[in-house]
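Every number in my numbering is 31 more than the matching position in the sequence shown, counting from 1.
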Amino acid sequence: MATGQTVLVVIAAANRDPAVFDEPDQFRPGRGPAPLAFGYGAHYCLGAALARLEITTAFQQFARQALAAIRDFARAAG
Numbered sequence: 032m033a034t035g036q037t038v039l040v041v042i043a044a045a046n047r048d049p050a051v052f053d054e055p056d057q058f059r060p061g062r063g064p065a066p067l068a069f070g071y072g073a074h075y076c077l078g079a080a081l082a083r084l085e086i087t088t089a090f091q092q093f094a095r096q097a098l099a100a101i102r103d104f105a106r107a108a109g
């Protein structure tokens with residue numbers, strides 16, 4: 032890489048290296064090593080904990096609403 036050359040970071044490609052990740056295109060939230068979406072080391076995202084809390088809360092709310100909709104549909108169907 033030459034001095035002054037532009038580096039493009041593609042977050043969508045993070046954690047997709049088949050040499051490092053078994054089946055990189057499969058959704059497996061518990062796999063290691065740690066995900067790179069929030070950066071690494073000194074450049075780690077300060078909002079990572081908040082983002083994880085937000086997505087957890089969003090999924091929980093989605094699940095609650097989906098279950099309520101299913102129950103309502105089942106009641107209406109009789």
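Ideal placement from N, C-alpha and C gives every residue a C-beta, glycine not left out.
**OP:** Compute the beta-carbon to beta-carbon distance between Ala-45 and Ala-68, rounded to the nearest angstrom, for a pair I have assumed lies under 8 Å.
**Re:** 6 Å
Original post:
In the structure shown, what three-state DSSP assignment does Glu-85 receive?
Top reply: helix
Subject >> Helix, strand or coil at Arg-106 according to DSSP, with G and I counted as helix >> reply: helix
Original post:
Is it true that the CB of Arg-47 sits closer than 8 Å to the CB of Pro-60?
Top reply: no
Subject >> For Glu-85 and His-74, the rounded distance between their alpha carbons >> reply: 21 Å
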